[in-house]
Amino acid sequence: MKILVVDDSSTMRRIITNSLKTMGQETVVEAGDGIEGLAQLKANADVGLILTDWNMPNMNGLEFLTKVRETNKDVPIVMITTEAEKQNVVTAIKAGANNYIVKPFTPDVLQEKLNPFIV
Ligand SMILES: [Mg+2]
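Listed below in structure tokens is the structure:
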């Protein structure tokens, strides 16, 4: 299953990608903001799960999520927020996010949150 990881922090992308590999998910594509995320989706129509950060330059996670949902209602999207942004979760769910993860998180939490969407 191909997973798209969108985060402006390359360190965070590496942490997430490594956790996904531990979970047996080796096929990961990355993007540094929402604009790159949309481009990656266009180039990889077989993406089956999206993890996106909220706070990013150029196009943030909510804008990205909203844009994706204009054309794709099906692909599961899991939002990554910080503790401080937790109030944004309701907004994200209303905009079509399937779930959310609060930073910082352990690999176990990541696995638990993503398991329902991994086939
Ligand atoms: Mg960020």
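In our numbering, the protein residues as written are 6 to 124. Every residue gets a Cβ at the ideal spot worked out from N, C-alpha and C, and that includes glycine.
Just to confirm my understanding: we take residue i, look at its own chain, exclude 5 residues before and 5 after, and list those with CB closer than 7 Å. What are they?
i	result
residue 25	8 and 33
residue 96	67
With DSSP run on the structure shown, which of helix, strand or coil describes residue i?
i	result
residue 128	The displayed coordinates of the chain run from 6 to 124. Any statement about residue 128 would go beyond what the structure contains.
residue 23	helix
residue 113	helix
residue 32	coil
residue 84	strand
residue 94	helix
residue 65	coil
residue 53	strand
residue 47	helix
residue 11	strand
residue 108	strand
Just checking residue i against ligand 1 - is the residue's beta carbon closer than 7 Å to any of the ligand's heavy atoms?
i	result
residue 61	yes
residue 14	yes
residue 79	no
residue 113	no
Please determine, among the options, the residue with the shortest C-alpha to C-alpha distance to residue i.
i	options	result
residue 99	29, 44, 82 and 53	82
residue 61	74, 86, 38 and 104	38
residue 1	86, 93, 19 and 55	Residue 1 lies beyond the range of the chain shown here (6 to 124); nothing can be said about it.
residue 109	21, 64 and 31	21
Hey, residue i and residue j: beta-carbon distance below 8 Å or not?
i	j	result
residue 123	residue 114	no
What residues in its chain sit with their C-beta under 8 Å from that of residue i, if we drop five residues either side in the sequence?
i	result
residue 52	7, 8, 9, 34, 45, 46 and 80
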